[in-house]
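A.B. asks: Structure provided below as structure tokens; questions to follow.
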């Protein structure tokens, strides 16, 4: 047969409801972009600082000291030394007692969020989400057939007053939200950090409405001047806050290592549904060794300096080339700067004009739970080469000027 | 609060249908057994031969040569060099053209099977499964709320005549099976290998009834005297056979690396539903390097000798200590020997009597799709120390004698 029997159409007839909900399109976010461009698009870490040497040293130590344990199954909750190292670290950092029973290891934080969804979500359920938001998580929620209620942000993070109104409406319908999803630190894409007051309000609402705060903390450790306020997990004493952490941004996305940290009764339920025999004990022990020998802390310190310098370079260039067209709130850490365009400028037009100049930026409805894009561009300043920033932002400025000129001649 | 808010009961009220179907019990299979026992229980690889040195060498090569690619996202389908190495290897071994588009990398074969289930299964669907069978896979299928139709085995593998009858009955109900799950090589737990004739019949049935053969091939490369017959994937020219492979048994379970190999239209659909940003490019490239530099082939050769010696040792001891009570078909590879007990001996009683003597063996309803256990014990000969085999089987013989004596005095 030269024609395959299993055409997309024949496969379509067999796929699950979840697969039909999401459709046949493969999400390209995790796929490297082969083009020669100046990219402010992906939330990807700085390349030259990737800690290959430290990883190899930790791998050698682990394979020398504990090869048997590293190369056998490590249990459904994930490798014990990593669970213990995470518990010890966040007991110290968050000031609440975290134990291994609060922690389950995942194959990256996207997998961690997926495990929480598998454990909690049925079609027709409701979750509350910040808007704008990380498209990957919203895509995962969508695959479970749930309704996502969009809660807007401002410079202090999630508008908890709006959240309160939505939760009350939901209760009036006789429903409760399965969780409230947020990225409290250096939000993706908006760059804002939730204030302590908002965090306390959010926690009070989670208690009142008996639900979880699913807090995605991929960027929390990458602050520039001072750490963000305590996590909702910490404020709740390890109860209503369910924190998802990741080593993708602090070590490397290529490891695919993250975790969930939450009430032990929920963590145990996540483990009970898990079918993948746990996340790699080898990689888990390598990371635990980097935590133990101090390499992780030293590396994070270095990263803070690198990303601060990149942000400063971007800000200087924006002031030089783009000032008439944009405004933004300076992020206190993380990877993202969220540019609001001057009224009349279309973010889509600017994106296309920048693309034509070999500069890639993010924008569009995929960042919005209700699909209604506002007039913003997302600039990821993390990945782009430091030396290319000025050139890239200059071209973005040309794109902005071109779109503005087009508008004024219409 | 000393009493946690999120008790198991409060969590239960929020969990998904899938979590309720499976219940709160965490499956312990992937958790190391801390007891000091002689274990014939788990399907775990030999410990002393774990290729720690080869893994470290490959890791050093990868981090030296391609740190950027290894430590960045590698795409939803998984790291390209591993997909290509798998395609090249099985093109050579199976004699059909396998391309990267036939392959998606997973975090172990249990994860691979789970991805296939997520893509194909809705509650109420029907799958055909060999019985006895690997409890982990049946547990995964159960979590999706599907009906599992049990197809018995004999020494030549799945009874395809029974399968044919079941498929016809299902068609008469107006339904079709989403897939037929089998472990054609060195089956877990029964140890049998499906004959070529049965494979051809199975494939003909998959074609006729327009479904997939999900063939779990964790053990195929670990043959003792000659390779098993071609995979159903190969016989089907890469169409109706969907093969799940694993590096757990050929390298290490602690890596959590496996793959699915099937029709590109299905593989693409699996990728479209995937939410975990792909399996670790770092680990994937380490394995690809072990395939490229010949270490994997050399290691598998070594393993064949190790497992053959362990099986011979078990067989010699069975002949010495257990002959009056048991019969079995010699496995041609893999990890498992499936003992049929003499009529009147209860496998549960023998298991308990062996446990009391510090010897762990497998048996029971978890191996059977219909929950009806036959009178068998599963002896995994892979993990137990070569020097402990004789002692372990001697104690098993004592357990058999004790249970037989009890029976005769009743």
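Protein chains in written order, with the numbering used here: chain A, 13 to 422; chain B, 13 to 422.
Every residue, glycine too, gets a C-beta built ideally from N, C-alpha and C.
Answer yes or no: does any C-beta atom of chain B fall closer than 7 Å to that of residue 342(A)?
C.D. replies: Here residue 342(A) is taken as the residue at index 330 of the first chain, counted from 1. No - not a single Cβ of chain B is within 7 Å of the one on residue 342(A).
A.B. asks: To be precise: take each residue of the region 112-132 of chain B, compare its Cβ to all Cβ atoms of chain A, and keep it if any distance is under 7 Å. Which residues remain?
C.D. replies: Going along the region 112-132 of chain B in chain order, one finds 119, 120, 122, 123, 126, 130, 131 and 132 with a Cβ nearer than 7 Å to chain A.
A.B. asks: What did DSSP end up calling residue 357(B) once you bin it into helix, strand or coil?
C.D. replies: As a position in the second chain, residue 357(B) is number 345, starting the count at 1. Here residue 357(B) sits in coil by DSSP.
A.B. asks: To the nearest angstrom, how far is the alpha carbon of residue 412(B) from that of residue 337(B)?
C.D. replies: Looking up residue 412(B) in the second chain gives position 400. Looking up residue 337(B) in the second chain gives position 325. So the alpha carbons of these two residues sit roughly 7 Å apart.
A.B. asks: Give every residue of the same chain whose Cβ lies closer than 7 Å to the Cβ of residue 378(B), excluding the five residues on either side of it in the sequence, and list them in chain order.
C.D. replies: Indexing the second chain from 1 puts residue 378(B) at position 366. Here the set comprises 147.
A.B. asks: Return yes when the Cβ of residue 143(B) is within less than 7 Å of the Cβ of residue 335(B), no when it is not.
C.D. replies: Here the question's residue 335(B) lines up with position 323 in the second chain. Here the question's residue 143(B) lines up with position 131 in the second chain. Cβ atoms of residue 335(B) and residue 143(B): not closer than 7 Å.
A.B. asks: Any beta-carbon of chain B closer than 7 Å to the one on residue 270(A)?
C.D. replies: As a first step, residue 270(A) must be located in the first chain, where it is residue number 258. It does not: the Cβ of residue 270(A) has no partner Cβ on chain B nearer than 7 Å.
A.B. asks: Using a beta-carbon distance below 7 Å, is residue 294(A) in contact with chain B?
C.D. replies: Locating residue 294(A) in the first chain gives position 282, where the first residue counts as 1. So, interface residue.
A.B. asks: Going by beta carbon distance, what residues of the same chain come within less than 7 Å of residue 301(A), once the five residues before and after it are set aside?
C.D. replies: Working through the first chain from its first residue, we reach residue 301(A) at position 289. If we look at residue 301(A) and ignore the five residues flanking it on each side, its Cβ neighbours are 70, 73 and 74.
A.B. asks: If you drop the 5 nearest sequence neighbours on each side, which residues of the same chain put their C-beta closer than 6 Å to that of residue 13(A)?
C.D. replies: In the first chain, the residue the question calls residue 13(A) occupies position 1. Bear in mind that a pLDDT of 46 at residue 13(A), under 50, signals an unreliable position, so the number given afterwards is only what the model happens to contain. Once the five neighbours on either side are set aside, residue 13(A) has no close Cβ partner at all.
A.B. asks: I want to see whether chain A comes within less than 7 Å of residue 281(B), judged by CB atoms only; does it?
C.D. replies: Looking up residue 281(B) in the second chain gives position 269. At least one chain A Cβ lies under 7 Å of residue 281(B).
A.B. asks: Closer than 9 Å between beta carbons: that is the criterion. Which residues of the region 336-366 of chain B meet it against chain A?
C.D. replies: Hits within the stretch: zero.
A.B. asks: What does residue 39(A) touch in chain B if you count any residue whose Cβ is under 7 Å from its own?
C.D. replies: Here the question's residue 39(A) lines up with position 27 in the first chain. Those within 7 Å of residue 39(A) in chain B are 88.
A.B. asks: Just grab the DSSP bridge partners of residue 164(B) for me.
C.D. replies: As a first step, residue 164(B) must be located in the second chain, where it is residue number 152. Answer is 143(B).
A.B. asks: Could you list which residues in chain A have their beta carbon closer than 7 Å to that of residue 29(B), in chain order?
C.D. replies: Here residue 29(B) corresponds to residue number 17 of the second chain, with the count starting at 1. Neighbours of residue 29(B) on chain A, chain order: 134.
A.B. asks: Using 10 angstroms around the beta-carbon of residue 343(A), count the other beta-carbons present and answer buried if the total reaches 16, otherwise exposed.
C.D. replies: Here residue 343(A) corresponds to residue number 331 of the first chain, with the count starting at 1. Flag for residue 343(A) reads buried.
A.B. asks: Applying the criterion that 16 or more other CB atoms from any shown protein chain within 10 Å of the CB defines a buried residue, is residue 276(B) buried or exposed?
C.D. replies: Position 264 of the second chain, counted from the first residue, corresponds to residue 276(B). By the 10 Å Cβ count, residue 276(B) comes out buried.
A.B. asks: For residue 333(A), which residues of its own chain have a beta-carbon under 6 Å away from its beta-carbon, when the five flanking residues on both sides are left out?
C.D. replies: Here the question's residue 333(A) lines up with position 321 in the first chain. So the list reads 405, 406 and 409, once near-sequence residues are dropped.
A.B. asks: For residue 328(A) and residue 358(A), I'd like the C-alpha separation in whole angstroms.
C.D. replies: On the first chain, residue 328(A) is found 316 positions in, with the first residue counted as 1. On the first chain, residue 358(A) is found 346 positions in, with the first residue counted as 1. Roughly 23 Å between the two C-alpha positions.
A.B. asks: On the DSSP letters alone, give me the boundaries of the beta strand (DSSP E) that residue 271(A) sits inside.
C.D. replies: Translated into positions along the first chain, residue 271(A) becomes position 259. Per DSSP, residue 271(A) belongs to the beta strand (DSSP E) from 270-273.
A.B. asks: Measuring alpha carbon to alpha carbon, tell me which of 163(A), 172(A), 181(A) and 139(A) ends up nearest residue 156(A).
C.D. replies: As a position in the first chain, residue 156(A) is number 144, starting the count at 1. Ranking the options by Cα distance to residue 156(A), first place goes to 139(A).
A.B. asks: Hey, how far is the Cα of residue 238(B) from the Cα of residue 104(B)?
C.D. replies: In the second chain, the residue the question calls residue 238(B) occupies position 226. In the second chain, the residue the question calls residue 104(B) occupies position 92. Looking at the two C-alpha atoms, the distance is approximately 16 Å.
A.B. asks: Alpha carbon to alpha carbon, how far is residue 364(B) from residue 415(B)? Give it in angstroms, no decimals.
C.D. replies: Stepping through the second chain from its first residue, residue 415(B) is reached at position 403. Stepping through the second chain from its first residue, residue 364(B) is reached at position 352. Approximately 10 Å, taken between the alpha carbons.
A.B. asks: For my contact list, residue 33(A) and residue 286(A) are in at a C-beta cut-off of 8 Å; report their separation, rounded to the angstrom.
C.D. replies: For this step, residue 33(A) is matched to residue 21 along the first chain. For this step, residue 286(A) is matched to residue 274 along the first chain. Actually they do not touch by this definition, with Cβ atoms about 22 Å apart.
A.B. asks: Go ahead and pull the three-state DSSP assignment for residue 13(A).
C.D. replies: Taking the first chain and counting its residues from 1, the one referred to as residue 13(A) is at position 1. Residue confidence is low: residue 13(A) scores 46 on pLDDT, short of 50, so the model does not pin down where it sits. Its coordinate-derived value is still stated next. Residue 13(A): coil per DSSP, three-state reduction.
A.B. asks: Entirely within the region 209-274 of chain A and at least 4 residues each: give me those alpha helix (DSSP H) ranges in chain order.
C.D. replies: Taking only runs of at least 4 residues, the alpha helix (DSSP H) segments lying wholly in the region 209-274 of chain A are 244-247.
A.B. asks: What are the start and end residues of the alpha helix (DSSP H) that includes residue 294(A)?
C.D. replies: Taking the first chain and counting its residues from 1, one reaches residue 294(A) at position 282. Note, residue 294(A): alpha helix (DSSP H), 293-304.
A.B. asks: Starting from the C-beta of residue 158(B), find all residues in its chain whose C-beta is less than 6 Å away, skip the five residues before and the five after it, and write them out in chain order.
C.D. replies: Working through the second chain from its first residue, we reach residue 158(B) at position 146. These residues qualify, in order along the chain: 133, 137 and 139.
A.B. asks: Closer than 7 Å, CB to CB, is residue 32(A) near chain B or not?
C.D. replies: In the first chain, residue 32(A) corresponds to position 20, counting from 1. So no, residue 32(A) is outside the interface.
A.B. asks: Which same chain residues end up closer than 7 Å to residue 116(B) when comparing Cβ atoms and leaving out the 5 residues on each side of it in sequence?
C.D. replies: The residue given as residue 116(B) occupies position 104 in the second chain. So the qualifying residues of the chain are 89, 90, 271, 272, 279, 282 and 283.
A.B. asks: I'd like the ranges of any alpha helix (DSSP H) spanning at least 4 consecutive residues and lying wholly in the region 80-137 of chain A.
C.D. replies: List check, alpha helix (DSSP H) in window: 92-106 and 121-132.
A.B. asks: Where does residue 170(B) fall in DSSP's three states?
C.D. replies: For this step, residue 170(B) is matched to residue 158 along the second chain. Strand at residue 170(B).
A.B. asks: Taking residue 205(B) as the query, report the chain A residues whose CB atoms sit under 7 Å from its CB, ordered along the chain.
C.D. replies: Numbered from 1 along the second chain, position 193 holds the residue referred to as residue 205(B). Result: empty, since nearest Cβ-Cβ is about 24 Å, beyond 7 Å.
A.B. asks: Can you name the residues that DSSP bridges to residue 282(A)?
C.D. replies: Translated into positions along the first chain, residue 282(A) becomes position 270. DSSP output for residue 282(A) lists no bridge partner at all.
A.B. asks: Given a cut-off of 7 Å, decide if residue 251(B) and residue 18(A) are closer than it, judged by their beta-carbon atoms.
C.D. replies: For the purposes of this step, residue 18(A) is taken as residue 6 along the first chain, with counting starting at 1. For the purposes of this step, residue 251(B) is taken as residue 239 along the second chain, with counting starting at 1. For residue 18(A) and residue 251(B), yes; Cβs fall inside 7 Å.
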